[in-house]
Amino acid sequence: MAAPHSVMKFWKPGAEAPGVCEERELNTEPSSTAVIYNPHSALSVEKQRQKLPVFKHRNNILYMVESFQTVVILGETGSGKSTQVPQYLLEAGWAAEGKVIGVTQPRRVAATSVCIAVYIDVAARVAEERGAFLGHEVGYTIRFDDCSDPHATRIKFLTDGMLVREMMADPLLKKYSVLMLDEAHERTLYTDIAIGLLKKIQRKRRDLRVIVASATLDAKKFHDFFNLNESGDPSKDTCGILSVEGRTFPVDVFYTVSPVPDYVKATVETVLKIHEAEEDGDVLAFLTGQEEVEKVVSMLQDQARSLSRHGMKKHLRVLPMYAGLPYSEQLKVFERLPPTVRKVVVATNIAETSITINGIVFVIDCAFVKLRCYNPLTAIESLVVTPISKASASQRAGRGGRNRPGKCFRLYTEEDFEKLPESTVPEMQRSNLAPVILQLKALGIDNVLRFSFLSPPPAQTMVQALELLFALGGLDQYGRLTEPVGVRMAEFPLSPMFAKMLLESGNFGCSKEIITIAAMMQIQNVFVVPSNQKKAAAREHRKFAVAEGDHLTMLNVYEAFVKHQKSSQWCQEHFLNYKGLLRAMTVREQLRRLLNKFKVPRTSSEGDPDVILRCIVSGFFANAARLHHSGSYRTLRDDRELHIHPNSVLYGEKPQKWYFLVVFNEVVQTSRYYMRDVTAVESSWLVELAPHFYKQATMERING
DNA sequence: TCGTAAAGT
Numbered sequence: 001m002a003a004p005h006s007v008m009k010f011w012k013p014g015a016e017a018p019g020v021c022e023e024r025e026l027n028t029e030p031s032s033t034a035v036i037y038n039p040h041s042a043l044s045v046e047k048q049r050q051k052l053p054v055f056k057h058r059n060n061i062l063y064m065v066e067s068f069q070t071v072v073i074l075g076e077t078g079s080g081k082s083t084q085v086p087q088y089l090l091e092a093g094w095a096a097e098g099k100v101i102g103v104t105q106p107r108r109v110a111a112t113s114v115c116i117a118v119y120i121d122v123a124a125r126v127a128e129e130r131g132a133f134l135g136h137e138v139g140y141t142i143r144f145d146d147c148s149d150p151h152a153t154r155i156k157f158l159t160d161g162m163l164v165r166e167m168m169a170d171p172l173l174k175k176y177s178v179l180m181l182d183e184a185h186e187r188t189l190y191t192d193i194a195i196g197l198l199k200k201i202q203r204k205r206r207d208l209r210v211i212v213a214s215a216t217l218d219a220k221k222f223h224d225f226f227n228l229n230e231s232g233d234p235s236k237d238t239c240g241i242l243s244v245e246g247r248t249f250p251v252d253v254f255y256t257v258s259p260v261p262d263y264v265k266a267t268v269e270t271v272l273k274i275h276e277a278e279e280d281g282d283v284l285a286f287l288t289g290q291e292e293v294e295k296v297v298s299m300l301q302d303q304a305r306s307l308s309r310h311g312m313k314k315h316l317r318v319l320p321m322y323a324g325l326p327y328s329e330q331l332k333v334f335e336r337l338p339p340t341v342r343k344v345v346v347a348t349n350i351a352e353t354s355i356t357i358n359g360i361v362f363v364i365d366c367a368f369v370k371l372r373c374y375n376p377l378t379a380i381e382s383l384v385v386t387p388i389s390k391a392s393a394s395q396r397a398g399r400g401g402r403n404r405p406g407k408c409f410r411l412y413t414e415e416d417f418e419k420l421p422e423s424t425v426p427e428m429q430r431s432n433l434a435p436v437i438l439q440l441k442a443l444g445i446d447n448v449l450r451f452s453f454l455s456p457p458p459a460q461t462m463v464q465a466l467e468l469l470f471a472l473g474g475l476d477q478y479g480r481l482t483e484p485v486g487v488r489m490a491e492f493p494l495s496p497m498f499a500k501m502l503l504e505s506g507n508f509g510c511s512k513e514i515i516t517i518a519a520m521m522q523i524q525n526v527f528v529v530p531s532n533q534k535k536a537a538a539r540e541h542r543k544f545a546v547a548e549g550d551h552l553t554m555l556n557v558y559e560a561f562v563k564h565q566k567s568s569q570w571c572q573e574h575f576l577n578y579k580g581l582l583r584a585m586t587v588r589e590q591l592r593r594l595l596n597k598f599k600v601p602r603t604s605s606e607g608d609p610d611v612i613l614r615c616i617v618s619g620f621f622a623n624a625a626r627l628h629h630s631g632s633y634r635t636l637r638d639d640r641e642l643h644i645h646p647n648s649v650l651y652g653e654k655p656q657k658w659y660f661l662v663v664f665n666e667v668v669q670t671s672r673y674y675m676r677d678v679t680a681v682e683s684s685w686l687v688e689l690a691p692h693f694y695k696q697a698t699m700e701r702i703n704g
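If you use the UniProt record's numbering, the first sequence corresponds to residues 1 to 704, in order.
Structural data, given as structure tokens:
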């Protein structure tokens, strides 16, 4: 039998060709023990800290923070910068006189885990004198979890989104002496907002220090952005760059000899080739979505069974990994396996930044990723399979060098690698900006079009956002934030349409129900569909379905959940996402408090659906579509073709008079333009509730 | 007629 994988041919470029880590010296220590204090080590905490690569740069870092307003630290994986730099600053007195050293992370888990690592260091050192408690000297603040003390905390970790929130209460961030933005190269929406705002704050607060911590890529861009020196004399620069080597192992990069027609098949073949020809070590393969992941997993599992039948000694354990996977399934990729088993993790981009799996030696990279992008002309978001950037490719390859030297198999030619863009387009340039613009206005940025963006978004996207905010009553005709509607809308941790709907709910007499609906709409995958029980799941889910649409269906699910004592078993029986529903409860509580603060009366519709639907229209009137005789829908605003998303309870319903007009939360483009979270409404409500938006003539055309 | 990456307030 010919080996099915014999078609995959790879080659390794010569030393002069760009590879990953080729030129790096080989290190013999794993980075994982280096970053977190190991209480079992014979070495003291001090000794362990001194062994980190960043330690050599301690004095230079402190010198630069003294001399420059902004310092860009280029630190590679495993340098120890995230845990050590905040401690160096603390030791050098930057937290004196009640000041705080703030460190932001793009993710909640990172904010807490880095915080705990630093806490362990600090606690181990000060324990003898006064002890240390998490949330005192060292603390963190993330949504729903504030583990910090306004008086005692000297080093505070927080998500970048949280920092932007804090600016609403303290626009000059007066309590901070230094802010370090970690993982800035990821260029998340909130990192970019924070960067723009910090530059503005620095003009008013010369004493505020900013440290931008990034992987090697965008150093110059950050430097030029923050450097306020216009004299041309480098000695007057206000921003300095410093680079810190990392501690990872070399990864050999291989390319295919010719282009790969089908990367799903090629992934399977490459895994088998590694299993057959390479030494021990686990495998990580990158694909773009759940469907591809599951397909590769099932193909490999078939192969693995046949291999064991043919007497292959070493076994394959194939595991999927993506965000939508149930938590218990996700945990399996972290399990340690006996040496007779090779672990193969087939993952989406979640494994590029959000999780790190120990023991990975071989990486397979298909060169693609699914990215959200926003079309400023149509105001429609879509998820598009896009070629990755070179930065992404090197990040993926690096996943194979965490514990020992690794190998990365790229399912594309070196020539195609050269054609990839240097870095991924920042989120700021591919997002709907309505929430961003609202936040900036609330932070006193009057002219958002002239705001200092690190990467300016398309002007048309900003215009779209301004128009929507005006239609919602959050901005006046001069683009100023309205009082109180606009100011209050900005306080909600939700998109402006949801905020408007919530603020109106008191007037409609259904705030209790609307809070639930808004909270439920924030969680993904309320309905769980296990691949082997699709029919049973659908049967259970249908029990919650309501003819009006998804919003009232979600209300139904939540109320049933509460009625059944929030039981996890009940959720399991009805194929509902238990953790998601718990989260909806937490979100609901936060929203309820905000409505209390704004004195929105607590009212219930007492079973009348119409008031709830009208209230939804008051926020989502701009997202309306009418039934077209073709059977699809058309947007009211610009007559674009839309379809009901297959996950909607209205999907597949026979179009009746009742479904003539619908509103929806969002449109996503995949194979078609799909409306998600859809509810049927009366056309007369649109004219009544949004007369400024829908002129009478438009309505006549619709009805005619 | 088929379908949401992953992260956050």
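Where is the CB? At the ideal position from N, CA and C, for every residue including glycine.
Just so you know, these numbers come straight off a predicted model, no measurement behind them.
| Query | Result |
| --- | --- |
| In whole angstroms, what is the alpha-carbon distance linking Q533 and V333? | 23 Å |
| Between the region 378 to 393 and the region 661 to 668, can you find at least three pairs of beta-carbon atoms closer than 8 Å? | yes |
| For R209, count neighbouring Cβ atoms within 10 angstroms of its own Cβ and tell me buried if that reaches 16, exposed if not. | buried |
| Given a threshold of 16 other Cβ atoms within 10 Å of its Cβ, counted over all protein chains shown, does Q105 qualify as buried or as exposed? | buried |
| Based on Cα-Cα distance, which residue from P234, I364, D302, K236 lies nearest to Y263? | I364 |
| Kindly confirm or deny that the region 505 to 518 and the region 577 to 595 touch, where touching means at least three C-beta pairs closer than 8 Å. | yes |
| Out of F470, V100, A219, state which residue places its alpha-carbon closest to the alpha-carbon of Y478. | F470 |
| Only counting runs of 4 or more residues, tell me where the alpha helix (DSSP H) segments fall wholly within the region 342 to 403, in order along the chain. | 350 to 353, 390 to 398 |
| Report the three-state DSSP secondary structure of F10 (helix, strand or coil). | strand |
| State whether the region 397 to 415 contacts the region 436 to 446, with contact taken as three or more CB pairs (one from each stretch) at a distance under 8 Å. | no |
| In chain order, what are the residue ranges of uninterrupted beta strand (DSSP E) at least 3 long that sit wholly in the region 425 to 458? | none |
| Can you tell me where the beta strand (DSSP E) with V663 in it begins and where it stops? | 661 to 669 |
| Can you tell me which residues form a DSSP beta bridge with D145? | I142 |
| If you check the beta carbons only, do V54 and A124 fall under 8 Å apart? | no |
| With C-beta atoms as the reference, is V293 less than 8 Å away from V346? | yes |
| Does the beta-carbon of D677 have 16 or more other beta-carbons within 10 angstroms, so that it is buried, or is it exposed? | buried |
| Per DSSP, which one or two residues make a beta bridge with I155? | I101, V138 |
| Just to confirm my understanding: we take S632, look at its own chain, exclude 5 residues before and 5 after, and list those with CB closer than 7 Å. What are they? | E641, L642, H643 |
| For H541 versus T679, is the C-beta distance shorter than 8 Å? | no |
| For the alpha helix (DSSP H) containing V587, list its first residue and its last residue. | 578 to 597 |
| Where does S511 sit, in a helix, a strand or coil, going by DSSP? | helix |
| Helix, strand or coil for V210 per DSSP? | strand |
| Could you work out which residue in V463, N227, P646 is closest to V72 when comparing CA atoms only? | N227 |
| For A391, which residues from the same chain have a beta carbon less than 8 Å from its beta carbon, with the 5 sequence-adjacent residues on both sides left out? | H185, A215, L217, E422, S423, T424 |
| Please state if the CB of V687 and the CB of L661 are separated by a distance shorter than 8 Å. | no |
| Cα separation between K563 and L555? | 12 Å |
| If you drop the 5 nearest sequence neighbours on each side, which residues of the same chain put their C-beta closer than 6 Å to that of F144? | T586 |
| I need the boundaries of the alpha helix (DSSP H) containing A110, first residue and last residue. | 108 to 126 |
| Report the partner residues of V251 according to the DSSP bridge assignment. | G406 |
| For A545, collect the residues of the same chain with a Cβ closer than 6 Å to its Cβ; drop the 5 residues on either side in sequence, then sort them by chain order. | T553, V649 |
| Let me make sure I understand the geometry here. Which of V344, V600, K419 has the alpha-carbon closest to that of L502? | V600 |
| For S455, tell me which candidate among V103, I193, S630 has the shortest Cα-Cα distance. | I193 |
| Is the region 63 to 83 close to the region 233 to 248, with three or more CB pairs under 8 Å? | yes |
| Tell me the DSSP secondary structure of E573 in three-state form. | helix |
| For V71, does the three-state DSSP call read helix, strand or coil? | strand |
| Using only alpha-carbon positions, find the residue among V122, E97, K51, P435 that is nearest to M489. | P435 |
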